[in-house]
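To start, the structure itself, in structure tokens.
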Amino acid sequence: MPVARPEPQEPRVIAHLDLDCFYVQVEQRRNPALRGQPTAVVQYNDWKGGGLIAVSYEARKFGVKRSMRGDEAKHVCPGINLVQVPVSRDKADLNVYRSAGSEVVAILSTKGKCERASIDEVYLDLTDAAKEMLSESPPESSEFIFEEATKSNILDLTSDASDREENVKAWLCRADADYQDKLLACGAIIVAQLRVKVLEETQFTCSAGIAHNKMLAKLVSGMHKPAQQTVVPSSSVQDFLASLPVKKMKQLGGKLGSSLQDDLGVETVGDLLGFTEEKLQEYYGVNTGTWLWKTARGISGEEVEDRLLPKSHGCGKTFPGPKALKTNTAVKSWLDKLCEELSERIQSDLNCNKRVAQTLTLHARASKENECNSVKKFPSKSCPLRYGTGKIQEDAMKLFESGLHDFWGYRNTGWSITSLSVTASKIFDIPSGTNSILRYIKGPSSGASSTIVDPSSTPDLTPFVVHEEQCQPSSSIKEDCDNSSLAKQCGATEEKGVSKKLSKAQESGSILKFLSQSQSAFHEKRNFDGLICSNQGHESSSGASEAGQHGKTNINTAGDHSAGNTWMLNVEDIDPDVVGELPLEIQREIQGWIRPSKHASTKKRGSTISSYFSPSRR
DNA sequence: ACGGATTATACG
DNA sequence: TCGTATAAT
């Protein structure tokens, strides 16, 4: 499964940062009384004290471990504080941790390329920053070395003595070091500064690894915890890896690592050196073979991606043992909750980050009632994602039914569902440039009276028909773009004002209208899609009066032109005949959205609009 | 009958 | 492309 990537020849400076027992720190910040106390974060307190998902270092001293139950933890550490994960819609709600994680990313992304690797981990490519420091204020000629940096752990540097910090300082400042080590030293200083900054601004401590590639940085970031950093000079790599148990390497913690042990007798990474690349390829295929060969030598060309946001959003829940779901209505009820949360999260992603998700996937685990415990897997199913809670719920249920159908094959014995999850993926940025056609669509803040477009240049689009119920306004965009207030703000999501305005705009003849198909056959995969609309901040209008109309608070129709309101217009289908009547420029744009689909809907042979943000087009 | 809930990636 | 499997946290 792992794949080797070509090697950059220039030396890089890569850091991996990892928040220490992150969920615990988040809870400790919320309740400072927990600081310095043995503490763990637990979810679902009802059964055996719930499961631990994060454990403070004080509690670890007592032998408390992740994957213990709350009860066991209490047993080995009677004084432990157990904090529950927030629950909403009867499931764990991780949003507080997600947004706390983004706080950290926001700080770390200021220095070089930054990749959000997980909710509490980040990779940085500090090559440029390190080079800059080396040329402008090299440590060797600097009077003062940032103190936190002198607390670094340098692999290979004997570090037990009382003069440890002096040794480290000396290493960081060595004038006779090679270029690579000098870069690493700069990297270590930069990371130390960043960690202090993170602490100051978020109160979170983190640990870090600094090396020439991701693999090594990650490998050592957890070596000295908490709140410490470790540097890997290339001269130390060989010896370090030689004695390292294979299972400690990322990607070798599972079956592949076990296979190395059991089938090849490889216990340490050093043992791997006894195999030629060809031999490893014989066992594990070309890609994995090469990857293993390079890994054994500390070689990894994997780049730090420039990505601050997750690539997908998922919500799930398990229903262990007696809690397994056995009826369609139970499934529906849970699916509805999961979809509600998912809908909120993608809506927030749209508002805050101007991103749209294209695919909805449903996963489930099921077992058959009596009879031979079939090992059959419940198939995962996916379909184009339509925005709007109701639509997501509807589609998810259809996906479930379709999966269930496959699951039984021909004979329906009873089933029970032990886990359910829905995921939104294939997320793309909304192009920020001028979105020509969108100018013909009025946003929530444009009253019918204020016209965005010049009527004379506005084509007559009357043949299109807007279906109001397809209009799905976003919730307020105002703030919340740290999603700390996500749940709160996304609660007020239904808004009638928009459809009203769309109708008004429709009357005025300055709006693009779409033809809708009947809801028919889902199985034939109607190719639905949505259109993102945004009034890029021109025109100021009558917000206050509008805001009064819909009873919900929190709806932000007016103002905030800097952000621009974003909402979703769902489109079921478009009549190709009508497209032909539009101005050529618009036609071309629309053609761009259209991509052929194997499972095109029964109607109107040919294409359906699939997505405005097709990945294939720039 | 899974420590949960999320995320990511390679393979076919 | 979709669905599956593996892995990490």
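Mapping of the first sequence onto our numbering: residues 17 to 634, in sequence order.
Idealized CB from N, CA, C, for every residue including glycine.
C-alpha gap between residue i and residue j, whole angstroms
{"i": "K397", "j": "S364", "result": "24 Å"}
{"i": "D176", "j": "A108", "result": "44 Å"}
{"i": "E131", "j": "K230", "result": "11 Å"}
{"i": "H329", "j": "L354", "result": "11 Å"}
{"i": "R82", "j": "V71", "result": "6 Å"}
{"i": "V120", "j": "K241", "result": "18 Å"}
{"i": "E181", "j": "A165", "result": "9 Å"}
{"i": "T569", "j": "I362", "result": "Model confidence at T569 stands at a pLDDT of 16, short of 50, so the residue's coordinates are unreliable and nothing is read from them."}
{"i": "L68", "j": "L98", "result": "9 Å"}
{"i": "C202", "j": "L142", "result": "9 Å"}
{"i": "R76", "j": "N47", "result": "20 Å"}
{"i": "Y60", "j": "A122", "result": "31 Å"}
{"i": "T311", "j": "Q41", "result": "33 Å"}
{"i": "W309", "j": "Y139", "result": "23 Å"}
{"i": "K129", "j": "E321", "result": "7 Å"}
{"i": "L644", "j": "S275", "result": "Past the edges of the chain, shown from 17 to 634, lies residue 644, and the structure says nothing about it."}
{"i": "N183", "j": "L173", "result": "8 Å"}
{"i": "E74", "j": "C37", "result": "11 Å"}
{"i": "Q100", "j": "Q44", "result": "12 Å"}
{"i": "S115", "j": "T343", "result": "35 Å"}
{"i": "Y403", "j": "S437", "result": "17 Å"}
{"i": "E159", "j": "D255", "result": "33 Å"}
{"i": "E152", "j": "S223", "result": "27 Å"}
{"i": "G269", "j": "V253", "result": "20 Å"}
Beta-bridge partners of residue i, as assigned by DSSP
{"i": "E137", "result": "D34, S134"}
{"i": "T375", "result": "P400, S441"}
{"i": "K129", "result": "D141"}
{"i": "C368", "result": "According to DSSP, C368 bridges with nothing at all."}
{"i": "I226", "result": "A31, V247"}
{"i": "H329", "result": "A440"}
{"i": "A380", "result": "L436"}
{"i": "N169", "result": "T246"}
{"i": "T334", "result": "S435"}
{"i": "L341", "result": "I433"}
{"i": "K107", "result": "S104"}
8 Å Cβ cutoff met for residue i and residue j
{"i": "V80", "j": "A56", "result": "yes"}
{"i": "L199", "j": "K147", "result": "yes"}
{"i": "I226", "j": "A31", "result": "yes"}
{"i": "D34", "j": "E137", "result": "yes"}
{"i": "P261", "j": "T246", "result": "no"}
{"i": "G301", "j": "A20", "result": "no"}
{"i": "I433", "j": "L325", "result": "no"}
{"i": "G117", "j": "I96", "result": "no"}
{"i": "L257", "j": "G286", "result": "yes"}
{"i": "S435", "j": "K327", "result": "no"}
{"i": "A243", "j": "T221", "result": "yes"}
{"i": "P54", "j": "C93", "result": "yes"}
{"i": "L358", "j": "C331", "result": "yes"}
{"i": "F385", "j": "R105", "result": "Strictly speaking, residue 385 in this sequence is Glu, with Phe absent from that position. No; because the gap between Cβ atoms is not below 8 Å, this pair is not in contact."}
{"i": "R371", "j": "D445", "result": "yes"}
{"i": "S259", "j": "H228", "result": "no"}
{"i": "P22", "j": "W307", "result": "no"}
{"i": "F335", "j": "A382", "result": "no"}
{"i": "L376", "j": "D411", "result": "yes"}
{"i": "G273", "j": "K266", "result": "no"}
Whole-Å CB distance - residue i paired with residue j, under 8 Å assumed
{"i": "C189", "j": "I206", "result": "Actually they are not in contact, since the Cβ atoms of C189 and I206 sit about 15 Å apart, beyond 8 Å."}
{"i": "G419", "j": "A380", "result": "6 Å"}
{"i": "L366", "j": "L415", "result": "L366 to L415, Cβ: 22 Å. No contact."}
{"i": "D87", "j": "G65", "result": "4 Å"}
{"i": "K127", "j": "L232", "result": "Their Cβ separation, rounded to whole angstroms, is 19 Å, which puts K127 and L232 out of contact at 8 Å."}
{"i": "K339", "j": "M413", "result": "At roughly 20 Å, the Cβ-Cβ gap does not stay under 8 Å, so K339 and M413 are not in contact."}
{"i": "Y113", "j": "Y195", "result": "At roughly 40 Å, the Cβ-Cβ gap does not stay under 8 Å, so Y113 and Y195 are not in contact."}
{"i": "E293", "j": "G305", "result": "6 Å"}
heavy atom of the ligand FAD below 7 Å from residue i C-beta
{"i": "D352", "result": "This structure simply doesn't include the ligand FAD, nor any ligand for that matter."}
Practice task
Taking only runs that begin and end inside the region 240-322, name each unbroken alpha helix (DSSP H) of 4 or more residues, in chain order.
Solution key: If only uninterrupted alpha helix (DSSP H) runs of at least 4 residues are considered, those enclosed by the region 240-322 are 253-258, 271-280, 285-288, 293-300, 302-312.
Exercise for the section: Can you check the region 37-104 for any alpha helix (DSSP H) of at least 4 residues that lies completely inside it and give the ranges in chain order? Expected result: As far as the region 37-104 is concerned, its whole alpha helix (DSSP H) runs of at least 4 residues are 38-46, 73-76, 86-92.
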